[in-house]
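Student:
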Amino acid sequence: MTRLTDLPPAQAKRLAELECPDFTTRPWVTGPPLPQRRVAIVSSAGLVVRGEMPFRGRDPDYRAIPAGTQAKDLLISHISINFDRTGFQEDWNVVFPLDRLNELAAEGLIGEVAPTHYSFMGATDPVLMEAHARELAGRLKDDRVDAVILSPV
Amino acid sequence: MATVAISLIRPQTENTRPPRALWVPFELGRPFGPPSDPAFQKRVILAALRLVERADGPVIIEDFCDDDPRAQPDPSWRRPFDHAAVAGGPGEVIARRLESEIEMLRGQHDRWIRQRGCTTLGLSGLLVAECARLAAGSLRGEALPSPREEFSPPLMLRFAVDDLKAYCLEAAAAGAAKPSSRQLGDWFWDQTASGAALHAIRTACLASNDERLKLIAGNFMVPAARVRATG
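Protein chains in written order, with our numbering: chain A, 1 to 153; chain B, 1001 to 1231.
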């Protein structure tokens, strides 16, 4: 059950034909090799640190996830129930690979792991998320992040 | 700053045309592949991050072609308990079965926590027995409570249901076997009192006059692929 052809036909059709944002520009930047990069994760899985307010419906804002967060303290509050959660239940790296990034940094394959990571709730209209996304980009710049993994769920 | 997107739905990525993206063939919900397989996960992350070093933009979409080995069923996995499939019944009967099943699974869930050191329960802020009582109450036709003032009663029900599902699925996955999500989902939705309860709650809520409850129950309680034609 891994490809569109493995999904129920109605779900596969809806996902494949989902209206996507139409960007008029093609932003493109280059930079140093990976061992000199500071890497952050920005997920759209509706992740929230335990004790903080879960995403309620299609909230357009984001949640911050400090790099010191432990697996036992991260929850998924994404509104959709049409994706697997058992992988995340067993191992948070399936959705939020912070342990793997820390290992890559220790091995020198990436420079550093950012001090803070972030999550949106991806079923929200991207237009409503734009102001929050711009604010988040400013926070990433303040943290001197120069490589971001954008992860769906 | 440079970004690289993980893509689970390739047509969406082709339409959006981000600067750099890595399509992966994994199930929705597993953007970095199989759980408890650090080497595999690391290959996915490195394949994505290496696109950051590429200079041949402005749009790069590459494929990661290795399938998730954990998508295959594990024949050694056993359901937590064996009983006849729970087809339904009057609300009170389903409610009692639900509360009883949650208690029956406690030992298995404790085992999960001992193995993993954590649980993903917690959205509702309630104990799992309280989640079961809340769900059972809705089956009995009781007015929905909202023990947390920041959550409306329908939202409270949604989070309680999310926690019940997490509890049952974690309990079922406790042990040495490595069941696929399909195995766990088939068990939960087709063979448990909890799954039958959620189908019944969904059906009851869809007949309610509360539009918000209808919306939440209709869309955010039973996965589309698991909705039964009869409700």
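Note that the Cβ used here is the ideal one computed from N, Cα and C, for glycine as well.
Within its chain, find whatever has a CB closer than 7 Å to the CB of Ser1208 of chain B; leave out the 5 residues flanking it on each side and keep chain order.
Tutor: Position 208 of the second sequence, counting from 1, holds the residue named residue 1208 of chain B. Contacts found: Lys1214.
Student: Beta-carbon separation of Lys1042 of chain B and Arg100 of chain A under 8 Å?
Tutor: As a first step, residue 1042 of chain B is located in the second sequence; it is residue number 42 there, counting from the start. As a first step, residue 100 of chain A is located in the first sequence; it is residue number 100 there, counting from the start. It is a contact, given that the beta carbons lie within the stated cut-off.
Student: Comparing C-alpha positions only, which one of A:Phe120, A:Cys20, A:Phe96 and A:Leu15 sits nearest to Asp59 of chain A?
Tutor: Position 59 of the first sequence, counting from 1, holds the residue named residue 59 of chain A. Answer by Cα proximity: A:Phe120.
Student: If I measure Cβ to Cβ from Asp1163 of chain B and keep anything under 8 Å in the same chain, skipping five residues before and after, which residues do I get?
Tutor: Along the second sequence, one-based indexing puts residue 1163 of chain B at 163. The residues are Leu1121, Gly1122, Leu1123, Ser1124, Leu1126, Val1128 and Cys1131.
Student: On the three-pair Cβ rule with 8 Å, is the region 85–101 of chain A touching the region 34–48 of chain A?
Tutor: Yes, they touch.
Student: Pick from B:Pro1154, B:Ala1204 and B:Arg1070: whose alpha carbon is nearest that of Asp1037 of chain B?
Tutor: The residue labelled residue 1037 of chain B in the question sits at position 37 within the second sequence. Of the candidates B:Pro1154, B:Ala1204 and B:Arg1070, the one whose C-alpha sits nearest the C-alpha of Asp1037 of chain B is B:Arg1070.
Student: Sorted by chain position, which residues of the same chain lie with C-beta nearer than 6 Å to Pro1018 of chain B's C-beta, five sequence neighbours on each side aside?
Tutor: Here residue 1018 of chain B corresponds to residue number 18 of the second sequence, with the count starting at 1. Only Ala1005 meet the Cβ criterion.
Student: Determine the direct distance from the alpha carbon of Met1104 of chain B to that of Glu135 of chain A, and round the result to whole angstroms.
Tutor: Along the first sequence, read from residue 1 onward, the residue named residue 135 of chain A stands at position 135. Along the second sequence, read from residue 1 onward, the residue named residue 1104 of chain B stands at position 104. Roughly 47 Å between the two C-alpha positions.
Student: Roughly how many angstroms separate the alpha carbons of Phe1151 of chain B and Ala64 of chain A, rounded to a whole number?
Tutor: On the second sequence, residue 1151 of chain B is found 151 positions in, with the first residue counted as 1. On the first sequence, residue 64 of chain A is found 64 positions in, with the first residue counted as 1. Using only the alpha carbons, I get a separation of about 21 Å.
Student: Please state the DSSP three-state secondary structure of His78 of chain A.
Tutor: Stepping through the first sequence from its first residue, residue 78 of chain A is reached at position 78. His78 of chain A falls in the coil class under three-state DSSP.
Student: Apart from the five residues on each side of it in sequence, which residues of its chain come closer than 6 Å, Cβ to Cβ, to Gly111 of chain A?
Tutor: Start at 1 with the first residue of the first sequence, and residue 111 of chain A comes out as number 111. Excluding sequence neighbours, Gly111 of chain A sits near Pro35, Gln36, Arg37 and Arg38.
Student: Please classify Met1 of chain A: does DSSP put it in a helix, a strand, or coil?
Tutor: By 1-based counting over the first sequence, the position of residue 1 of chain A is 1. Residue confidence is low: Met1 of chain A scores 44 on pLDDT, short of 50, so the model does not pin down where it sits. No coordinate-derived value is stated.
Student: Can you grab the Cα-Cα spacing for the pair Glu103 of chain A / Leu109 of chain A, in whole Å?
Tutor: Along the first sequence, read from residue 1 onward, the residue named residue 103 of chain A stands at position 103. Along the first sequence, read from residue 1 onward, the residue named residue 109 of chain A stands at position 109. The straight-line gap from Cα to Cα measures roughly 9 Å.
Student: Ignore the nearest five residues each way along the sequence and tell me which others in Trp1077 of chain B's own chain have a CB closer than 8 Å to its CB.
Tutor: Your numbering for residue 1077 of chain B matches position 77 in the second sequence. Within the same chain, Trp1077 of chain B has close Cβ partners Gly1175, Ala1177, Lys1178, Pro1179 and Gln1183.
Student: Which one or two residues does DSSP pair with Asp1063 of chain B in a beta bridge?
Tutor: On the second sequence, residue 1063 of chain B is found 63 positions in, with the first residue counted as 1. Partner(s): B:Trp1023.
Student: On a CA-only basis, which of A:Gln11, A:Trp28 and A:Pro66 is nearest Leu140 of chain A? Give me that one, please.
Tutor: Against the first sequence, residue 140 of chain A aligns to sequence position 140. Per the Cα distances, A:Pro66.
Student: Would you call Ala1166 of chain B buried or exposed, if buried means 16 or more other Cβ atoms sit within 10 Å of its Cβ?
Tutor: The sequence position of residue 1166 of chain B within the second sequence is 166, counting from 1. Its Cβ being crowded by 16 or more others within 10 Å, Ala1166 of chain B is buried.
Student: Taking Pro54 of chain A and Phe1081 of chain B to be in contact with their CB atoms under 8 Å, please state how far apart those CB atoms are, rounded to whole angstroms.
Tutor: Reading the first sequence from its first residue, position 54 is the one you call residue 54 of chain A. Reading the second sequence from its first residue, position 81 is the one you call residue 1081 of chain B. No, Pro54 of chain A and Phe1081 of chain B are not in contact; Cβ-Cβ is about 31 Å, not under 8 Å.
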